[in-house]
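Protein chains in written order, with our numbering: chain A, 2 to 467; chain B, 259 to 462. Don't be surprised by glycine CBs; every beta carbon is placed ideally from N, CA and C. Small disclaimer: the values here were computed from a predicted structure and weren't measured. One structure below.
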Amino acid sequence: MADYHEVSPNAPAGEKLLNWVDNRFPASKLFKEHMSEYYAPKNFNFFYIFGSLSLLVLVIQIVTGIFLVMHYKPDAALAFGSVEYIMRDVPWGWLIRYMHSTGASAFFIVVYLHMFRGLMYGSYRKPRELIWLFGCGIFLALMAEAFMGYLLPWGQMSYWGAQVIVNLFAAIPFVGPDLALLIRGDFVVGDATLNRFFSFHVIAVPLVLLGLVVAHIIALHEVGSNNPDGIEIKAKKDAQGRPLDGIPFHPYYSVHDIFAVSVFLMVFSAIVFFAPEMGGYFLEYNNFVPADPFQTPLHIAPVWYFTPFYSMLRAVTTEMMYALIACVLLGAILAVLKGKMPTLFKVLIVGAAAGLIAMMLSIDAKFWGVVAMGGGVVILFFLPWLDNSPVKSIRYRPDWHKYLYAVFIVDFLVLGYLGILPVSDLSSRISQLGTLFYFGFFLLMPWWSRLGKSKPVPDRVTFTPH
Amino acid sequence: MSETLVDGGQIDNSKRTWLIASGCVGAVGGVAAVVPFVSSFQPSEKAKAAGAAVEADISGLKPGEKMTVEWRGKPVWIVRRTPEQLAALPTLDAQLADPKSERKPDEQAPKYARNASRAIKDEYLVVVGICTHLGCSPSDKFTTGAQPSLPDDWQGGFFCPCHGSTFDMAGRVYKNKPAPDNLEVPPHMYLSDAKLLIGDDKKA
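What follows is the structure, encoded as C-alpha cells:
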C-alpha cells in the first residue's frame, strides 16, 4: 500500500488529475511496469511482432463479434438466413462479417507464427514454462472458439463439420456416446446444439480466452521476454538495475508494433475486400449451402487451420495401429535395455506398455485417431520438459537441428495440405509417415536434443544498430 | 504481511473445527449445484419426444432405386436391390470387416435382419444412412466397376465422402476402412406390402 502522495498546488491540472487517480488506482505504476519501464531485449526480430498482432486480432474479433450478435439468430430455422441478411441487408454488415471470418484465419496465422518463434528460440524453456502453458491453453481455447463459431452460419460445412467432431467424442470407450449426446443436446446435431455452441462461442470461451491472455502477459512481464539469442538479459544490469541489453517497451517496441500493425492491417484489409473467401480456404464454398442433415457434401474438410490435426485423425487406420503397437513395443524395449533407472521402474514401464498394447488391440482405431488428433495439440504442453538442449536458441544449436526443425515445419505443412484433400491410398500413407514423424519429433526430443555439439553462446545479445 | 497475531497467537480449536465443517458443507453444496447445470446439457423432453416411428410408402420404388425418410432427425434409406446386387453380396464376404455382423450384433441390426441380406425381405434394404465412423451420410455408388476413390472390382454400394469408408449393398463395411461397423438397421416392420414402419417393430 502506497502512502498518500501530495502534489504542489501550482502543478498543472493534468498532473493534479493524474495524482488524484494514482492515489486511488495504480495507473502510472501499471504503465511503468508494463510499458515505459518494462525492459525488452533490443535484438527482437521480425518474429517478435506476432504477439502484439494476435492481441490486435483478438480485439478485432471481439468488436466485430459484438456487432454480428446484434443481427444473428441462433436458431436452426433462422441462422442461415440471418447470416445472409447480415451480408445483404444490414448496412455494412458484409464488411463486419468478412472482418470476423477473415479475423478467424488471421488469428491462426499469427498464432502459428508466434508459436513457431517460441519453438525456434526456446522461449518455452526455464523460467518461461508457465508462459508457454498459458499460451497452449490459449491455442486450445482458440480452437474451441473457432470450431463452435463455424457451426453458427448453419451451412453444410458447419453442420457436417460439427457432426464429425462431436462424433469424435462418441469414440471414447464407455462414456463416449453419452458424452456426445450431452454435447449435442439431441440425438443429432440440431437446434439445441446450435444454441449452446452460440452461448459458448460468444461468452464462455471468450471469457476463458481473455483470462488466459491476461495470465500469459502477466507471466511474460514477470520473467521478461526471451530473444533470438536465447540469452537472459537480466543477467547483465547497469547501475540502476536495468538490463544492459534491454530497452523500454514504450516507446521503442510500441512504435515498432504500431508499424507492424499498419502493415498487417494493409494485408488484412486486402483480404477482407478482395479475397474474403480466399479461394474456399477461409470460407468454404459448401458453407454457402444451408445445412441439410440428409446430404453430406461430396467432400468435407475442416477449415485450413485444423487440417494438420485432422490428417493425424485420418492417418490412424487399422493398419496404422500395427505400426503404432510396434512403436510402443520398441519404446518399452529401449527403455528396459538402455534406460538408467531402478528395476522397479522398468517393470512398471513394461507393465504400462503391455496394458497400452492390450488397449490398442481391443479398442477401435477410430478412438486412437481421436487420441492422435488430441495428442497432437496436448503434446505441445509438454515441450518445456521434452527439450534437453544445453542452449535455448536455434542459433547456437548444432546445424543439423536446424534441418530437423525445417523437416518438422515441412511435415506440419504437408499434413495440413493433405488434410484438405480427399483421402487416397498415397495421401494416407504420407500422412501416416507424417504423423509418426510429428510425434517422433516431440517424444524423442529428450534424446535427440542432447546430441551434437552446440556453439558457444555469447554473453551479450547480437545486435547491430541500424 | 506482519507477524502480529490476533488473540496473541491463541488458537481457538472449536472455532477452527466449525470453520472447517462449514467450509466442507459449503463445498458439498457447491458441487451439488453443478448437477442441474450439467443436466441441462441433456436432450430436452421435446427432443426425446421427437423420436416417434415414421411410415414410408414403398410402392413407387423401382429395383435399383433408393428413397430416404427422416427418423429421429437421421436419414433412413430404403433401397430396392436388384437380383444382381443381391447375388453379389455373398461373394464379397472376404473383403468385408464384419460380413456376418457379429461384432456388436445388438447395435447393428434387430434379430429379424440378421441374415445374409440384412433385411426382412431380401429385396428391400433398410438402413440408417449415417456412417459408423463419424456420422457423415455416405453417398450412393450403385454403378459397378472402376471409378474414382473406389476399387476396380466395385460391386455397388455406398461411399462415405468424409473419410473414405465403403459399404456394400447390404450396408456392410469393407476391411481397412475407418468405419468400424456395418450401417445400422433400424427397428422396422411391414404394415402391408407397400407400407413400411420405421422406428417400431412391435405394432400389431
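Among the options, nearest to residue i - alpha-carbon criterion
i               : options                           : result
T194 of chain A : B:S272, B:Q300 and B:S280         : B:Q300
V215 of chain A : A:G435, A:I132, A:V424 and A:Y418 : A:I132
M321 of chain A : A:F346, A:M361, A:P303 and A:V60  : A:M361
P396 of chain B : B:A307, B:E442 and B:C282         : B:E442
G403 of chain B : B:G393, B:P357 and B:G415         : B:G415
V351 of chain A : A:R98, A:L434, A:F117 and A:V329  : A:V329
G318 of chain B : B:E303, B:V337, B:T424 and B:A308 : B:V337
T401 of chain B : B:Q343, B:I316, B:K306 and B:K320 : B:Q343
G441 of chain A : A:A353, A:V209 and A:L331         : A:L331
Classification of residue i by the beta-carbon crowding that lies within 10 angstroms, buried from 16 upward
i               : result
H300 of chain A : exposed
I388 of chain B : buried
G66 of chain A  : buried
M342 of chain A : exposed
P174 of chain A : exposed
V317 of chain A : buried
D473 of chain A : The requested residue 473 of chain A is not part of the displayed model; chain A covers only 2 to 467.
V203 of chain A : buried
D90 of chain A  : exposed
Y109 of chain A : Here the sequence assigns Phe to residue 109 of chain A, which means Tyr is not the residue at that position. Buried: at least 16 other Cβ atoms inside 10 Å.
C282 of chain B : exposed
Y286 of chain A : exposed
P13 of chain A  : exposed
R185 of chain A : buried
I259 of chain A : exposed
W305 of chain A : buried
Residues that DSSP places opposite residue i in a beta bridge
i               : result
K332 of chain B : B:W329
K238 of chain A : A:P244
A41 of chain A  : A:I248
K433 of chain B : Note: K433 of chain B sits in no beta bridge, so no partner.
I456 of chain B : B:V312 and B:H446
K17 of chain A  : DSSP lists no partner for K17 of chain A.
P291 of chain A : A:G156
Q405 of chain B : B:L408
L381 of chain A : According to DSSP, which records beta bridges pairwise, L381 of chain A is partnered with nothing at all.
G82 of chain A  : DSSP output for G82 of chain A lists no bridge partner at all.
G415 of chain B : B:K399
V386 of chain B : B:V334
F425 of chain B : B:F416 and B:V431
Cα-Cα separation, residue i to residue j
i               : j               : result
K433 of chain B : V385 of chain B : 19 Å
F47 of chain A  : V224 of chain A : 21 Å
P466 of chain A : P249 of chain A : 16 Å
A147 of chain A : Y311 of chain A : 14 Å
G94 of chain A  : V58 of chain A  : 19 Å
M447 of chain B : K379 of chain B : 10 Å
L314 of chain A : G375 of chain A : 9 Å
A3 of chain A   : S37 of chain A  : 20 Å
N288 of chain A : P298 of chain A : 10 Å
P363 of chain B : A437 of chain B : 16 Å
I234 of chain A : F275 of chain A : 44 Å
G15 of chain A  : W21 of chain A  : 10 Å
Y86 of chain A  : D459 of chain B : 45 Å
Y5 of chain A   : W276 of chain B : 40 Å
P444 of chain B : L454 of chain B : 12 Å
Q62 of chain A  : T103 of chain A : 9 Å
V112 of chain A : S29 of chain A  : 30 Å
F355 of chain A : E328 of chain B : In the sequence under discussion, the amino acid at residue 355 of chain A is Ala, which differs from the Phe named in the question. Roughly 45 Å between the two C-alpha positions.
S450 of chain A : S124 of chain A : 15 Å
L56 of chain A  : S407 of chain B : 43 Å
P129 of chain A : K393 of chain A : Looking at the sequence itself, residue 129 of chain A is Arg, so the reference to Pro does not match. Their backbone Cα atoms lie some 11 Å apart in a straight line.
V408 of chain A : V337 of chain A : 30 Å
G393 of chain B : V165 of chain A : 6 Å
P333 of chain B : A452 of chain B : 19 Å
A462 of chain B : A311 of chain B : Reliability of the predicted coordinates at A462 of chain B is poor, the pLDDT of 44 falling under 50, and the value obtained from them is presented with this limitation in mind. If I take the Cα positions, the gap works out to 14 Å.
W369 of chain A : G435 of chain A : 16 Å
M259 of chain B : A142 of chain A : Model confidence at M259 of chain B stands at a pLDDT of 49, short of 50, so the residue's coordinates are unreliable and nothing is read from them.
H402 of chain A : D411 of chain B : 48 Å
P207 of chain A : E313 of chain B : 45 Å
Near the ligand ZN: residue i beta-carbon under 7 Å from a heavy atom
i               : result
I358 of chain A : By its list of ligands, the structure shown contains no ligand whatsoever, and the ligand ZN lies outside what it can speak to.
Ranges of the beta strand (DSSP E) found wholly within the region 309-381 of chain B, counting only runs of at least 3: Restricted to the region 309-381 of chain B, the beta strand (DSSP E) segments that are unbroken, complete and at least 3 residues in length are 312-315, 324-329 and 332-338, listed in chain order.
Along the chain, which unbroken stretches of the alpha helix (DSSP H) at least 4 residues long are found entirely within the region 91-119 of chain A? The DSSP assignment places no complete alpha helix (DSSP H) segment of no fewer than 4 residues inside the region 91-119 of chain A.
Note down, one range per segment and in chain order, each alpha helix (DSSP H) of at least 4 residues found wholly within the region 376-436 of chain A. 384-387 and 400-421
At a Cβ cut of 8 Å, what residues of the region 342-373 of chain A count as close to chain E, listed as they run along the chain? The structure shown contains no chain E; its protein chains are A and B.
Please list the segments of the beta strand (DSSP E) lying wholly inside the region 308-388 of chain A, counting only runs of 3 or more residues, in order along the chain. none
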